[in-house]
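Heads up, the working numbering is the position in the sequence shown plus 22, with the first residue counted as 1. Glycine is no exception: its CB is placed at the ideal position from the N, C-alpha and C atoms. Bear in mind the structure is a predicted one, so any value in this text is a computation, not a measurement.
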Amino acid sequence: MKVAKDLVAASATPMVLGILAEEESYGYAILRRINELSAGELDWTEGLLYPLLHRLERLGHVESSWQSVAGERRRKYYRITRGGLVELAEQRRQWETVVGALREVWPRSDGRALSLGGLA
23 MKVAKDLVAA
33 SATPMVLGIL
43 AEEESYGYAI
53 LRRINELSAG
63 ELDWTEGLLY
73 PLLHRLERLG
83 HVESSWQSVA
93 GERRRKYYRI
103 TRGGLVELAE
113 QRRQWETVVG
123 ALREVWPRSD
133 GRALSLGGLA
């Protein structure tokens, strides 16, 4: 299944903020985590992730620092800020509203709609 670009774009901010709320991370590890969380269905590229991280940093939702690990090259690590946690909570509230509405209009496993406004 291929997820539509509009849906990927809409979910990108809460996805990245949610991952960074778990722990600080660097770009490649964030890409791997997204792939893992989606069972391979979301195959993000660096071209999607890094502009998003830079925008989130400009907005004050994340901050970054360069770190060196013995035997590896330096990596830029990102961590969520207090403002980012506030934004994540707002994003979550909005997504829960959208998902709740979708659940109401999508058919159940028995084929009937969950809510037909009394038309069923």
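By the neighbour-count definition (other C-beta atoms within 10 Å, threshold 16), Ser47 is a buried residue. Gly105 is a Cβ neighbour of Gly82, given a cutoff of 7 Å. Pro73 and Leu39 have their C-alpha atoms some 14 Å from each other. DSSP places Glu85 in the strand class (E or B) of the three-state scheme. If you ignore the 5 residues before and after Ser86, its C-beta comes within less than 8 Å of the C-beta of Leu75, Glu79, Lys98, Tyr99, Tyr100 and Arg101, all in its own chain and listed in chain order. If you draw a straight line from the Cα of Ala92 to the Cα of Leu124, it is about 48 Å long. In the structure shown, Ser60 falls within a coil segment according to DSSP collapsed to helix, strand and coil. Counting only residues of its own chain and dropping the five nearest sequence neighbours on each side, Leu71 has a CB closer than 7 Å to the CB of Gly49, Ile52 and Leu53. In the DSSP assignment, Lys98 forms a beta bridge with Trp88.
The continuous alpha helix (DSSP H) containing Glu112 extends over residues Arg104 to Val127.
Linking Met23 to Ala32 through their CA atoms gives a straight-line distance of about 18 Å.
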